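Sequences listed follow chains A and B, in order. Under our numbering, read the first sequence as residues 812 to 1238, first letter to last. Under our numbering, read the second sequence as residues 474 to 941, first letter to last. C-beta atoms are modelled at their ideal positions from N, C-alpha and C, and glycine is treated no differently. As the structure is a computational prediction, the values presented were derived from the model and not from experiment.
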Amino acid sequence: MKVLMFGWEFPPHITGGLGTACYGLVKGLAKKNINVIFVVPRLFGGEDNRTAYLLSASDVEINERNFNYEEYWKNIKYYEIGSSLIPYVGPEDFLKLIGKESTVNTHFDEKVFRAKYQFSGKYGESLYAEVSRYALIASVLAKEHAHDVIHAHDWLTYPAGMAAKKASGKPLVVHVHATEFDRSGENINQYVFDIERKGMEAADRVITVSHLTRRYVIERYGIPAEKVFTVHNAVEPVNTDEIHQNKGFPEKLVTFLGRITFQKGPDYFVEAAYKVFKKDPNIRFVMAGSGDMLNRMVRRVAHYRMGHKFQFAGFLKGEEVYRLFNISDVYVMPSVSEPFGISPLEAMRSNVPVIISKQSGVSEVLQYAFKVDFWDVDALADAIYGLTHYDGLSKMFRRYGREEVDNLKWDNSAQHIIDIYNSLNNS
Amino acid sequence: MRAICFYFQVHQPFRLRRYRFFEIGNNHYYFDDFANQSIMRKVAEKCYLPTNQLMYDLIQEYGTRFKIAYSISGTALDQFERYAPDVLESFKRLVNTGCVEILGETYSHSLSALKDKEEFFSQVRLHSEKVERLFGVKPTSFRNTELIYSDHIGQMVYEMGFNGQLTEGAKHILSWKSPNYLYCNALEPRLKLLLKNYQMSDDIAFRFSNRAWTEWPLTTEKYVDWLNAIDSRQEIVNLFMDYETFGEHQWAETGIFEFMRHLPKAVFAKSNYQFITPSEAIDLLDPVAPIHVPYPISWADEERDLTAWLGNDLQDDAFNALYKLLPKVRMTNDPQLYNDWLYLQTSDHFYYMCTKWFSDGDVHKYFNHYDTPYEAYINYMNVLSDFELRLNSLTGSEEITIQVPEKEKSKFKPSIIVQPGTELLYPEDVEVEKPKRKVAKRKLSTKTTKKSQTKKSTTKSKSKKSKG
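Here it is in structure tokens:
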């Protein structure tokens, strides 16, 4: 089976959980002998064609004003011949990628394709234009490359998915990692909402990352429940033993890590921290990340006069995240709205007990995590106090949490998705 | 006779480097050596060296008729020693002429006068010692950080042995009065006060190069005319400004050096003013009245108050967190730690956290190497956290020892109600229980602090009284 998959970002240049999730999913599918053609915009593949299996959609210059389908067609052909960027990824290649087998004469490795991707798809003026340009190219790619299923991740790629479906007539699966309601609360962007709804309506199957999101899709977008399926995300098993960070202070460390925006509920973390701080000033808090609510959080912390125990670490990249988990004693994700939320799984993988909000999708798959309502600051403070003071509790969470998260494999998620693909071809 | 009293402030802070969260407890070096050195070198070339040369030339030309005063913060002196010994030498040469007075101030250009008398005294002492060691003179007049002054601060300054202090001629303090007289402290009349004439001072320090100013360009003739226009009975014009005015705030291209070079000549030729130092003014002039300053004033911003350094949550949290460590710092005897303690108190760190960008935003931005006050706060608190950890490693974490008895309290004990008069409710024949209660009381009292003990003893005596 061949899948034409449209994404927006891919590690290491990621702005959120989407890239991480796509990466894990593609790996999981490849393990199960599914061919994936993964298309992302703005992949700089020209200078090194070893990144073959990733397709860039933005290397081709198109003069949109004089746009002519025939011309465009030629451009693509030329482009493909010229750059010899063959966008297939065979199962053997992928097997090599994940280190199971190395029989085939492929010449790319994980590092190379990781370094190649350059992300530019930030929400800007030109974003809408990029989305539609992406869709144009998608229709061409759909004719060029034989496939059985089209799979599109999040609204940015839905137009591409729809265009591809029109071109090849193959079934479309859209994957909802977040809805506009998660990103913007109730003040949604109508343009984005419309794209999302059209994409879901046009799709033969809709995959959501949690039951919470599934409910949103059914209730708010009016999508028939029988074609919406939940496939929970998983987490890549990564060896974090090599990463070591010396903890320079004796206090227990309670960590918030994420964008400091309304959606992530940083204010609830600060309020809970203050409640704990009043009870026991020998606990340290850290808020890592950046966002539009950062300054407000700084003022709040200063107002509570706890700046000497509450630090701001700024935006952390790559390995720094694991270094922070390495010295953390509790990880808190008090998200107001979180379709899934991969970061608690990453924390648990690093043996950090987690507290998550009940309003997060990840709470559906975790047993060994404290779950509180995001607005319940007292419960949050209780949980922090308990995990930092009662060793029995934190030990249990650490041990079973690790076990639990190790069982959340992309293989399982991939199998779910394959089942959904199969249901399409059978019908 | 009428007098002009020049005082120039020389100060450089030890700027903090970007200190990251991961470094807390792992890295104990806080200062941005590169920035501190390069800024010091830049200011030395643009301001300190040429201006010192200019002042030296003027003194050579006019002899004892031209006199000025400097206040050089301890951090600036430390930076001279480290990065610009040539500047230090040129200051020594100036002091040796006998026409230059050095004022006393806090070593680290700190706000300690607002917080702790003992710390304030020790920093002033440290500064005086350093000045004496380097220049061979002992400061007799005092200038507090940013000219911060209040009745109370003046009293402390007199207690330290200074007989005069310089401060701002703030409008809201003077109202109809003129700054051009000698005043005295309201609580301690023996402490004389020299008040900055901010109009005449800021004409040079801030407005000199401003082309939008109606009086631009400012010439020495015009300036002397203004000096002459001051009522002839007024005795002294105090021109207080940052030394960096010359060549740094006002670039050489603006003609500021030429202005200064020719000012004495114009003054001597066209007016009856003469130049004197602050301590001479204090000896020569009689105070006309006491000045009441119940709340601290400063020379900063439109408000002339403390809001450039203290007042918003960021500043107050940082300031309180810093001085909460004071008792522990006193317990230690580590020279490196004490040095950091001094440098962390420099007022500039709090200035960077100022959020009032409206009235004096431009001035603030000029002195600030952080993008936002939030960044300044985050960085400072990271450093302070590490400093506290070092302190705790030497003294032990006091907070923990305080908490131990509190935790013990929560152990289960049969409750004893100690309320005045309850003894009267006990029947006379239940004698057996009384010693028990006494024992329990004693146990309780050993675990409470002194305050509650005294409280209890008063309640006891009260109950006894009510018994009687």
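Would you mind sorting residue i into buried or exposed? The rule is 16 or more other CB atoms within 10 Å of its CB.
i, result
"L1177 of chain A", "buried"
"Y1002 of chain A", "exposed"
"Y768 of chain B", "exposed"
"H645 of chain B", "exposed"
"D530 of chain B", "exposed"
"D1140 of chain A", "buried"
"A832 of chain A", "buried"
"G818 of chain A", "buried"
"T1241 of chain A", "Nothing can be reported for residue 1241 of chain A: it is not among the residues displayed for chain A, which extend from 812 to 1238."
"F569 of chain B", "Residue identity differs from the one stated: residue 569 of chain B is Asn in this sequence, not Phe. Exposed: under 16 other Cβ atoms inside 10 Å."
"A1124 of chain A", "buried"
"P800 of chain B", "exposed"
"M474 of chain B", "exposed"
"E991 of chain A", "buried"
Look at the Cβ atom of residue i, then the Cβ atom of residue j, and state whether they are nearer than 7 angstroms.
i, j, result
"I1071 of chain A", "R1134 of chain A", "no"
"L948 of chain B", "R616 of chain B", "Only positions 474 to 941 of chain B appear in the structure, and residue 948 of chain B is not among them; the question remains open."
"A971 of chain A", "K954 of chain A", "no"
"M1108 of chain A", "P1077 of chain A", "yes"
"E641 of chain B", "K665 of chain B", "no"
"V710 of chain B", "I477 of chain B", "yes"
"A975 of chain A", "A1013 of chain A", "no"
"V1147 of chain A", "F1185 of chain A", "yes"
"A557 of chain B", "H484 of chain B", "no"
"S744 of chain B", "L700 of chain B", "yes"
"K540 of chain B", "I749 of chain B", "yes"
"R1025 of chain A", "T1041 of chain A", "yes"
"G720 of chain B", "C572 of chain B", "no"
"D790 of chain B", "R1116 of chain A", "yes"
"F1060 of chain A", "G498 of chain B", "yes"
"M629 of chain B", "K603 of chain B", "no"
"Q1122 of chain A", "F494 of chain B", "yes"
"E619 of chain B", "S771 of chain B", "yes"
"I575 of chain B", "F608 of chain B", "yes"
"A773 of chain B", "A762 of chain B", "no"
Measuring alpha carbon to alpha carbon, tell me which of the options ends up nearest residue i.
i, options, result
"G577 of chain B", "B:T828, B:L489, B:Q510 and B:Y543", "B:Y543"
"L667 of chain B", "B:L757, B:F593, B:K743 and B:S585", "B:L757"
"L795 of chain B", "A:H1119, A:V1143 and A:G1125", "A:H1119"
"E661 of chain B", "B:F713, B:P652, B:F635 and B:L815", "B:F635"
"V1065 of chain A", "A:D1217, A:V1173 and A:A1194", "A:A1194"
"Y1211 of chain A", "A:Q1170, A:L1156 and A:G1059", "A:L1156"
"V1173 of chain A", "A:A1045, A:T1199, A:N1137 and A:H1200", "A:A1045"
"A1099 of chain A", "A:G1069, A:Y1115, A:R1111 and A:D1091", "A:G1069"
"S866 of chain B", "B:T828, B:M804 and B:N855", "B:M804"
"H722 of chain B", "B:D704, B:E688, B:A702 and B:D675", "B:D675"
"V989 of chain A", "A:G980, A:L1235, A:I999 and A:W1221", "The question names Val, but residue 989 of chain A in the sequence shown is Ala. For the residues A:G980, A:L1235, A:I999 and A:W1221, the minimum Cα distance to A989 of chain A belongs to A:I999."
"A508 of chain B", "B:D859, B:Y843 and B:M854", "B:Y843"
"F811 of chain B", "B:N855, B:E848, B:E861 and B:Y847", "Note on residue identity: the sequence assigns Tyr, not Phe, to residue 811 of chain B. It is B:E861 whose Cα lies nearest to the Cα of Y811 of chain B."
"R684 of chain B", "B:N653, B:G728 and B:Y716", "B:G728"
Could you tell me which chain A residues have their CB closer than 9 angstroms to the CB of residue i, listed as they occur along the chain?
i, result
"A791 of chain B", "A1113, G1118 and H1119"
With 7 angstroms as the threshold, decide whether the Cβ of residue i is near any Cβ in chain B.
i, result
"F1126 of chain A", "no"
"N1106 of chain A", "yes"
"I909 of chain A", "Low per-residue confidence applies at I909 of chain A: pLDDT is 28, beneath 50, and the placement is therefore not dependable, though the value from the model is reported in the following sentence. No, its Cβ sits nowhere closer than 7 angstroms to a Cβ of chain B."
Indicate whether at least one CB of chain A lies closer than 7 angstroms to the CB of residue i.
i, result
"N855 of chain B", "yes"
"I851 of chain B", "yes"
"Y796 of chain B", "no"
"S858 of chain B", "yes"
Residues of chain A with CB closer than 7 angstroms to the CB of residue i, please, in chain order.
i, result
"F494 of chain B", "V1097, Q1122 and A1124"
Under 7 angstroms between beta-carbons, which chain B residues line up against residue i? List them in chain order, please.
i, result
"G980 of chain A", "Within 7 angstroms Cβ-Cβ: nothing; G980 of chain A doesn't reach chain B, min ~54 angstroms."
"N1057 of chain A", "N499"
Give the interface partners of residue i over in chain B, defined as CB-CB distance under 8 angstroms, in chain order.
i, result
"V1109 of chain A", "L787, Y847, Y850 and I851"
"F1060 of chain A", "I497, G498, S858 and L862"
Is there a Cβ of chain C sitting closer than 7 angstroms to that of residue i, yes or no?
i, result
"S546 of chain B", "In the structure shown, chain C does not exist; the protein chains are A and B."
Report the neighbours of residue i on chain B: residues whose CB is nearer than 9 angstroms to its CB, in chain order.
i, result
"R1134 of chain A", "F495"
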